[in-house]
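So the structure is just underneath, and the comments pick up after that.
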Amino acid sequence: MYKSLLLVTATLIFALLAPAPASAASPAVRTDHLQSRLVAEATAAVPGARLTLGLLLEHDPHWHTYWRNPGDSGLPTELELTLPSGVTAEPVEWPHPQRFELADIVNFGYGGRRLLPVTIVIPADYAADALPVRASANWLICEVECIPGKAEYAFELPVAATADADPRWAEDFAAARAGLPTVAAATLAIAEDADAIALAVSGLDAAVAPAQWQWFPETPEVFANGAQPQWQRTAEGWQARWPKSEYFTALPAEVALVAVDGDGAAWRFAAADAGAAGSVAPAAPAAPLPGGVATPLGLLAALALAFLGGLVLNLMPCVFPVLSIKAMSALRSADDRAELRRHGGWYTLGVVATFLLLAGMLLALRAGGEQLGWGFQLQEPRFVAGVALLLFAMALSFSGVWEFGGRIAGTGQRLTEGNGARAAFFTGALAVVVASPCTAPFMGTALGWALAQPAYAALAVFGALGLGLAAPMLLLGFVPALARALPRPGPWLEGFRQLLAFPLYLTVVWLLWVYGEQTSPLGMAWLLAALTALAFALWLLGRRPAMRSPRFRAAAAIVSAAALVLALGLPLSAPAPAAAGAPSTSDAGSEPWSEQRLAELRAANRPVLVNMTAAWCVTCLANERVALSTDTVREALAAHDVAYLKGDWTRNDEAITRYLQRYGRNGVPLYVLYPAGGGAPRVLPQLLTADGVADAIRSL
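Using mature numbering (1 follows the signal peptide of the UniProt record, and there is no 0), the letters of the sequence shown map in sequence onto residues -24 to -1, 1 to 676.
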């Protein structure tokens, strides 16, 4: 028994005093919101060979460190190695980053579990029994606040003639290598413009569409980090303009960009001697680029698509209330084709002029760095409230609560009521305003192309869209058969006029809901109170026969003015509800969209359906009701393990705007289906059916 006890004691003492075996990793170091360690890909160091080490970073949820270009703020992670004499280290290799956005600040970096690889070269005459590795790292880790961090690492690797891969870190090194940009088989040329950097890429495969990629400026303080280049096809390849960084001073000797395609593969483009708009040939064997999913348009094709989109827009529910207003004037003039032609011409002028005005505003705001798209005005709650008040006043007039008459006709009746040229013009303008929530087939492709072109081409496309919307009313005056088909005027028109008030009331109900989604239930209640005040004011104005007493007229004028101030002031002066949070548009089984979540699902080889929508988008809501929320689609999603991500563009979201631009779109809806295990994403039609979506999912 004593011999056994002595043997156990001796074994324990030997184990405690014996030198620790060499390990292919340092101990893990825990700092603020980050665990890090230095690891080796192989289990031994081989003289005359290259060995890849890696700084393995495990971030707490929602925290991140930074890429080599940190973006608008932050600091890149630094790694310094201390190695034996003769052993040399190459620069850290940087996998492509993620975007992190906080208000107007855009950063590039890494979250989750990420490895930064660095290669060391061991000389052939290295004769020691072990290879000691020492390193120090510095970083900045951020969520909303930022915390500097640092750590020291040390370990030893045995020296051997051969070495195996360490299975503990195999997946980390594989993921890091998959994220390293491949030098693109293409030539990049750049030149400085007045307020932007002009890019030209040649040598890409004809099927490639760089407008659908996400671009990261590797070279800091050249490009605006929050913007994306707006690409267009040319005879030589692709051209784009990228707004300058606010810290831009001059083009450096080399400018490099990293692009990530729809499959998550990264490509590096570099232009040497950038000050002379030069380019550089690939420094390493280049891999072929994957195909894109969009077909480039020309101006004529874009004009045709825009005209067809405007024509179809007449069938969308958001335009119907205003068309009912125009129908009244058309019925009153059914016997006078000259009057119909005049009204059609002024209506068309109002439609086209308003489209061009919206296009000009949109182009100007985008040139100023704003990430906006079609329907941008409906992302502003004040605008939604104003349209609701206007349509409610018109509906009350149709119902006979009040009439534009007397001196008031000088403002109101000549806008949308009556048969005059001004009424026709402003009815066309109103049609464009309320058409914004709808996106008809063909529109998305045409508008997405237009806003990546010079101003003259963009304005031409918006003009063609307006001509398409106005075409039916314009044809009434020029096609006698259509005019003859209209019913003749008569006493029945008054009842028909009152009937047309109800589509306007329904539109106001929908706008109330949109306003509540953008603000809060309390905000919607205030707007309801404002509508009630407006109705009371208009009711008072409509009681003209009873207003013979000067005192009554004065009192009614004061009450009416106060009611109008209340009606217009409350919703239009309400601040944007930052504390209200993003509106909820989640369906059962859906997750909120983010670039990071999409990348995680694709890295896990899961198929993904992305739905970009907005509460004010009538087309989006219709698609969700008739297709995406049906049992047919839900069963297909479950059967094929498809993740469903939903992005909400009700309020302006620059990340969603950039995602839309990646697919050549400038507004919602957008539906993108990503297959499992890579492969090009598929863009679904703008008008969905349950069977069509289910068939697309099954085809994965």
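Cβ atoms here follow ideal geometry from the backbone N, Cα and C, with glycine treated the same way.
Does the distance from the CB of residue 582 to the CB of residue 652 come in under 7 Å?
A contact, by the Cβ cut-off of 7 Å.
The alpha helix (DSSP H) that contains residue 483, what's its start and end?
Note, residue 483: alpha helix (DSSP H), 477 to 494.
Comparing alpha-carbon positions, which option in 48, 63, -1, 643 lies nearest residue 32?
Residue 32 has its Cα closest to that of -1, out of 48, 63, -1, 643.
So, are the CB atoms of residue 127 and residue 113 less than 7 Å apart?
For residue 127 and residue 113, yes; Cβs fall inside 7 Å.
Compare the beta carbon distance of residue 4 and residue 133 with 7 Å and say whether it is the shorter of the two.
No, they are not a contact pair.
Helix, strand or coil for residue 131 per DSSP?
Three-state DSSP puts residue 131 in a strand.
Could you tell me whether the segment 33 to 43 touches the segment 168 to 186, where touching means 3 or more Cβ pairs closer than 8 Å?
The segment 33 to 43, when compared against the segment 168 to 186, does not touch it at the 8 Å Cβ threshold.
Please report the distance separating the alpha-carbon of residue 498 from that of residue 628.
Each residue's Cα considered, the two are about 21 Å apart.
What is the DSSP secondary structure of residue 27, counted as helix, strand or coil?
Reduced to three states, the DSSP call for residue 27 is strand.
Who are the near neighbours of residue 46 in its chain, counting only those whose CB is closer than 7 Å to its CB and skipping five residues on each side?
Here the set comprises 52, 83, 84, 85.
Let's see if you can read the secondary structure: which residues bound the alpha helix (DSSP H) around residue 596?
Counting along the chain, the alpha helix (DSSP H) containing residue 596 begins and ends at 594 to 599.
By a C-beta neighbour count over all protein chains shown, 10 Å radius and 16 as the cutoff for buried, is residue 61 buried or exposed?
Per the 10 Å Cβ criterion, exposed.
I'd like to know whether the C-beta atoms of residue 93 and residue 158 end up nearer to each other than 7 Å.
Not in contact: residue 93 and residue 158 (Cβ atoms no closer than 7 Å).
Does DSSP classify residue 445 as helix, strand or coil?
Residue state, collapsed to three classes: helix.
Hey, quick one: how far does the alpha helix (DSSP H) through residue 632 stretch, first residue to last?
That run of the alpha helix (DSSP H) goes 630 to 638.
So, residue 571 versus residue 621, is the Cβ gap smaller than 7 Å?
Going by C-beta atoms, residue 571 is not nearer than 7 Å to residue 621.
Who are the near neighbours of residue 123 in its chain, counting only those whose CB is closer than 8 Å to its CB and skipping five residues on each side?
Here the set comprises 8, 9, 116, 117.
Hey, could you find the ends of the alpha helix (DSSP H) residue 673 is sitting in?
Looking at the DSSP string, the run of the alpha helix (DSSP H) that includes residue 673 is 666 to 674.
With C-beta atoms as the reference, is residue 192 less than 7 Å away from residue 234?
In contact: residue 192 and residue 234 (Cβ atoms closer than 7 Å).
Hey, how far is the Cα of residue 163 from the Cα of residue 217?
So the alpha carbons of these two residues sit roughly 16 Å apart.
Where does residue 66 fall in DSSP's three states?
Reduced to three states, the DSSP call for residue 66 is coil.
In whole angstroms, what is the alpha-carbon distance linking residue 406 and residue 496?
Looking at the two C-alpha atoms, the distance is approximately 27 Å.
Tell whether a beta-carbon distance below 7 Å holds between residue 473 and residue 374.
Contact: yes.
Apart from the five residues just before and just after residue 371, which ones in its own chain have a Cβ nearer than 6 Å to its Cβ?
The answer, listed in chain order, is 477, 480, 481.
For residue 271, which residues in the same chain have their Cβ closer than 6 Å to its Cβ, ignoring the five residues on either side in sequence?
Only weak support exists for where residue 271 lies, its pLDDT of 42 falling under 50; the value from the coordinates is given anyway. Around residue 271: no qualifying Cβ.
Give the single residue among 624, 12, 400 whose Cα lies nearest to the Cα of residue 326.
Out of 624, 12, 400, 400 has the C-alpha closest to the C-alpha of residue 326.
Write down every uninterrupted run of the beta strand (DSSP E) in the segment 75 to 115 whose length is 3 residues or greater and which is fully enclosed by it, in chain order.
Counting only runs of 3 or more, we get 81 to 87, 89 to 97.
How about residue 65 and residue 135: do their beta carbons lie closer than 7 Å?
No, the pair does not count as a contact, with Cβ atoms beyond the cut-off.
Rounded to whole angstroms, what is the Cα-Cα separation between residue 333 and residue 435?
Each residue's alpha carbon lies about 9 Å from the other.
Any idea what DSSP makes of residue 231, helix, strand or coil?
Strand.
What number of angstroms, rounded off, separates the C-alpha of residue 440 from the C-alpha of residue 336?
Cα-Cα distance, rounded: 15 Å.
Looking only at C-alpha atoms, which of 70, 492, 137 sits nearest to residue 98?
Comparing Cα-Cα distances from residue 98 to each of 70, 492, 137, the minimum goes to 137.
Between the C-alpha atoms of residue 681 and residue 565, what's the straight-line distance to the nearest angstrom?
An answer regarding residue 681 cannot be provided, because it is not within the stretch -24 to 676 covered by the chain.
Just the Cα atoms here: how many angstroms apart are residue 487 and residue 644?
Computed Cα separation, rounded: 17 Å.
Would you report the Cα separation of residue 551 and residue 675, rounded to the nearest angstrom?
Since pLDDT at residue 551 reaches only 49, below the 50 mark, its modelled position is unreliable, and the value read off the structure follows with that caveat. In a straight line, the C-alpha of residue 551 is about 47 Å away from that of residue 675.
When burial is assigned at 16 or more other CB atoms within 10 Å of the CB, is residue 391 buried or exposed?
Since pLDDT at residue 391 reaches only 47, below the 50 mark, its modelled position is unreliable, and the value read off the structure follows with that caveat. Buried, because 16 or more other Cβ atoms sit within 10 Å of the Cβ of residue 391.
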